[in-house]
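Participant:
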Amino acid sequence: MTPAWRDTPILLATTNPGKLLEFRELLRLDFPAGLVFCLADLPAATVPQENGGSFLANARIKALHYSRAFAAMLVVAEDSGLEVPSLCNAPGVHSARYAGHPPSDERNIRLLLEKLAHHADRNACFITEAVVARDGEVLYHCRGEVKGVILETPRGSDGFGYDPVFYYPPLARSFAELSSSEKNAVSHRGQAMAKVRKFLTTPGLEKHS
75 MTPAWRDTPI LLATTNPGKL LEFRELLRLD FPAGLVFCLA DLPAATVPQE
125 NGGSFLANAR IKALHYSRAF AAMLVVAEDS GLEVPSLCNA PGVHSARYAG
175 HPPSDERNIR LLLEKLAHHA DRNACFITEA VVARDGEVLY HCRGEVKGVI
225 LETPRGSDGF GYDPVFYYPP LARSFAELSS SEKNAVSHRG QAMAKVRKFL
275 TTPGLEKHS
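Now the structure itself:
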């Protein structure tokens, strides 16, 4: 961590167990476990309305909201989703609740496959927008994305979300067939968090955010 932020606690602003696991795995080499917190570790805070029209807008909403609630912490928030060009970039910002409430990975995947049933173009892109904020101010934001193809049937048992149907051609496997280290090395979230890590650990970068 840069000298300006030495010993500053970090809040990972997500309640998604899968995302939290990936966050911790991606940050564990650079940050002591005792300095990295999640929302469940802290006093209850109000939950912001994620009503932005883009992944970046939603990530900013979360980062600013929680950085005001926990002003002494560096807040890392992100918003991620799947875009499928042949479906006009759906599910997009609605990825988590594509099939409605309550959120269900299984129902989301089923709906996606139904909508793609008569489309020859099954190209897709996973996108993550990450934002770092403190005390109501955005310090940094970045993007990660990875291209793939939507399979006709799910494959693999690891990962979460749309991972079982997201086929990654360079490794000839779905994201759900990759180990956590393999996935983190190439995924949209892995790319974004690598940039966040660099921002938080490179002296001087915080002055040019």
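Numbering (the working numbering), first residue to last: 75 to 283.
Cβ atoms here follow ideal geometry from the backbone N, Cα and C, with glycine treated the same way.
Being a predicted model, the structure only gives us computed values, none of them experimental.
If GLU211 and LEU187 are in contact, beta carbons under 8 angstroms, what's the gap, nearest whole angstrom?
Facilitator: Going by Cβ atoms, the distance from GLU211 to LEU187 rounds to 42 angstroms, so no, they are not a contact pair.
Participant: With 16 other CB atoms within 10 Å as the buried threshold, where does GLY233 fall?
Facilitator: buried
Participant: Can you give the Cα-Cα distance for VAL121 and LYS93, rounded to whole angstroms?
Facilitator: 17 angstroms
Participant: In chain order, what residues of the same chain lie with their CB nearer than 8 angstroms to the CB of ARG142, ignoring the 5 residues before and after it?
Facilitator: ASP209, GLY210
Participant: Kindly list the residues whose CB is nearer than 6 angstroms to the CB of LEU130, restricted to its own chain and excluding five residues on each side of it in sequence; keep chain order.
Facilitator: Excluding its 5 nearest sequence neighbours in each direction, LEU130 has C-beta neighbours in its own chain below 6 angstroms: GLU203, listed in chain order.
Participant: Considering Cα atoms alone, identify which of ARG98, ASN125, GLU96, GLU152 is closest to ALA87.
Facilitator: GLU152
Participant: Of the residues GLU180, GLU96, ILE135, which one's Cα is nearest the Cα of VAL110?
Facilitator: GLU96
Participant: Give the C-beta separation of ILE201 and HIS262 to the nearest angstrom, bearing in mind that I take them to be a contact with Cβ-Cβ under 8 angstroms.
Facilitator: Taking C-beta atoms under 8 angstroms as the contact rule, ILE201 and HIS262 qualify, at a distance of about 6 angstroms.
Participant: To the nearest angstrom, how far is the alpha carbon of THR89 from that of THR275?
Facilitator: Near 25 angstroms, if we compare the C-alpha coordinates of THR275 and THR89.
Participant: Measure the alpha-carbon distance for GLY155 versus ASP104 and round it to whole angstroms.
Facilitator: 26 angstroms
Participant: To which residues of the same chain is THR82 closer than 6 angstroms at the C-beta, ignoring the five residues directly before and after it?
Facilitator: Only LEU148 meet the Cβ criterion.
Participant: Are the CB atoms of GLY222 and LEU252 within a distance shorter than 9 angstroms?
Facilitator: no
Participant: Rounded to the nearest angstrom, what separates CYS199 and CYS162 at their Cα positions?
Facilitator: Their backbone Cα atoms lie some 12 angstroms apart in a straight line.
Participant: Spatial neighbours of ARG217 within its chain, please: C-beta separation below 6 angstroms, excluding the five flanking residues on both sides.
Facilitator: GLU203
Participant: Compute the Euclidean distance between the alpha carbons of LEU138 and ALA207, then round it to the nearest angstrom.
Facilitator: 6 angstroms
Participant: At what residues does the alpha helix (DSSP H) containing ASN258 begin and finish?
Facilitator: 254 to 260
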